[in-house]
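To start, the structure under review is shown below, and the notes come after it.
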Amino acid sequence: VGRLPMRGGRIDRAAMNARASAQLKRLGLDVSPDRKVRTLRIAAQQQVEIAKALTLNAELLIFDEPTAALGSEETELLFQQIRKLKAEGMSFIYISHRLDEIAEIADRVV
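Numbering-wise, the working numbering puts 99 at position 81 of the sequence shown, and it's gapless, one number per residue.
Here it is as structure tokens:
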């Protein structure tokens, strides 16, 4: 896809890890970029997916039932991250059947 940083015709792993670390720290996730995603808890896997979108400078994220597999603490952590990203100008489409979540996090409901 052409997103990997290159140097001398090869993938620049140091630059790649630095970018990944910066986005993970932005979300408050203390995980090594070298760690396999499958070894992470579900909540951390979701955070990694959000970080991947942030590396693309995404302006809109779509969440479809993001809390279905999360506990209450993990849900609150996700909401904190969403609030922080909203304050930075990010937009979200949040799909959920849990109306209390929508009321807590939404600016508009459609």
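Even glycine gets a Cβ: it sits at the ideal position worked out from N, Cα and C.
- Within the same chain, and ignoring the five residues on either side of Leu58 in sequence, the residues whose Cβ sits closer than 8 Å to its Cβ are Val49 and Val66.
- With respect to the 9 Å criterion, Glu77 and Gly107 are classified as neighbours on the basis of their beta carbons.
- In the three-state reduction of the DSSP assignment, Met24 falls in the strand class, which pools E and B.
- DSSP places Asp30 in no alpha helix (DSSP H); its state is neither H nor E.
- The residues Pro51, in chain order, have a CB closer than 6 Å to that of Ala38 in the same chain once the five nearest residues on each side in sequence are set aside.
- Comparing C-alpha distances from Asp82 to each of Arg126, Arg31, Ile111 and Ile29 shows the shortest one belongs to Ile111.
- Within a 10 Å sphere around the beta-carbon of Ala62 sit 16 or more other beta-carbons, which makes this residue buried.
- Membership of Asp82 in the beta strand (DSSP E) is indicated by the continuous run Leu78 to Asp82.
- By the CB criterion at 9 Å, Leu22 and Asp30 fall inside the cutoff.
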